[in-house]
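Each remark here refers to the structure printed beneath this line.
Residue numbers (UniProt numbering): 1 to 47.
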């Protein structure tokens with residue numbers, strides 16, 4: 001089962017999945033990607 005959350009540390013529009021994933025990892029998540037029309041960073045992890 002995956003837990004999902006918007007990144008709390010990522011600011012501004014998200015254009016790089018790699019950058020998003022790196023920020024998510026500092027928040028304790030295992031992955032992250034840019035999603036949505038507004039391109040926000042969305043983090044995921046197993047829970």
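Each residue gets a CB set at the ideal place from its N, CA and C atoms; glycine is no exception. Note that the coordinates shown come from a computational prediction; the quantities given were computed from them, not determined experimentally.
| Item | Value |
| --- | --- |
| Straight-line Cα distance separating residue 43 from residue 91 | Residue 91 falls outside the range modelled here, since the chain spans only 1 to 47, and no answer is possible. |
| Exposure label - residue 36; buried when at least 16 CB within 10 Å | exposed |
| Limits of the unbroken beta strand (DSSP E) element including residue 35 | 31 to 35 |
| Unbroken alpha helix (DSSP H) run spanning residue 20, endpoints | 17 to 26 |
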